[in-house]
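The opening residue of the sequence shown carries number 562 in my numbering; numbering runs sequentially from there.
Heads up, the beta-carbon is just placed ideally off N, CA and C, and yes, glycines get one too.
In what follows, a single structure is set out as structure tokens and then discussed.
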Amino acid sequence: MDATAYFIIVVSTLLAIVFKVVLFKRIQKWMDQDLIKGLAGDNQSKREFLEQKYIELQQQKIKRKHYHQHLTDYAEQFEQK
């Protein structure tokens, strides 16, 4: 094989990895948004509250696996107000 073939293989592999990472991150975001919509139901103010808390969780660098519990707790706090 010549240098062109190696170049094509390397570029194709890198693009596949980047595509996988981007797609994975997007799916995670969709899942988080679906959780927020499920917790909020038809209540728009509750949805906005949970979206704000979601942004705060991201800014605080909380691990994603803890988002569900935190958002559920925030939804319960919102109901108690």
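Is the beta carbon of residue i less than 8 Å from the beta carbon of residue j?
i: Asp593; j: Tyr628; result: yes
i: Lys598; j: Arg608; result: yes
i: Thr633; j: Leu600; result: yes
i: Phe568; j: Phe610; result: no
Where do the ends of the alpha helix (DSSP H) carrying residue i lie?
i: Ile578; result: 564-601
i: Gln641; result: 628-641
i: Lys614; result: 605-620
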